[in-house]
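Chemist: After the structure tokens below, expect a handful of questions from me.
In full-length UniProt numbering, the protein residues as written are 1 to 107.
In structure tokens:
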């Protein structure tokens, strides 16, 4: 299972109105660390599909959302809960570190 893409057009429904926590991976095709973290996020999604939704947002295709949420470096992951940013994770990390950062949402 791979993380689904979201965009400006589907943001409201996919992220702001979602039931439960949603991690949005702000990424770009040219970003090496973004490509490294993508399979890790896919694994976390597959193992925790009942607890968290993981979506990808291409910052090159959706610059307004990247600016709105103050994404200045990528990869940046933001967990939204109830339409608000609950936590922010910056940079590519190994799976165990990401799971620690997301522990409150995965338990």
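The beta carbon of each residue, even a glycine, is placed where N, CA and C say it ideally should be.
#1: Based on the DSSP output, what are the partners of residue 89 in its beta bridges?
#2: Under a Cβ-count criterion, where at least 16 other Cβ atoms within 10 Å of its own Cβ denotes burial, should residue 59 be classed as buried or exposed?
#3: Helix, strand or coil for residue 51 per DSSP?
#4: Who are the near neighbours of residue 43 in its chain, counting only those whose CB is closer than 7 Å to its CB and skipping five residues on each side?
#5: Do you know how far the Cα of residue 46 is from the Cα of residue 77?
#6: Closest to residue 19 by CA distance: which of 70, 81, 41, 62 is it?
#7: If you check the beta carbons only, do residue 97 and residue 75 fall under 8 Å apart?
#8: With respect to the beta strand (DSSP E) encompassing residue 23, which residues constitute its N-terminal and C-terminal limits?
Modeler: Judging by the given coordinates:
#1: Looking at the DSSP assignment, residue 89 forms a beta bridge with 77.
#2: So residue 59 ends up on the buried side.
#3: Coil at residue 51, not helix or strand.
#4: 95, listed in sequence order.
#5: When rounded, the distance between both Cα atoms is 17 Å.
#6: Minimum Cα distance to residue 19 is reached at 81.
#7: Against a cut-off of 8 Å, the Cβ pair of residue 75 and residue 97 comes out as no contact.
#8: Counted as a single uninterrupted DSSP element, the beta strand (DSSP E) harbouring residue 23 occupies residues 22 to 27.
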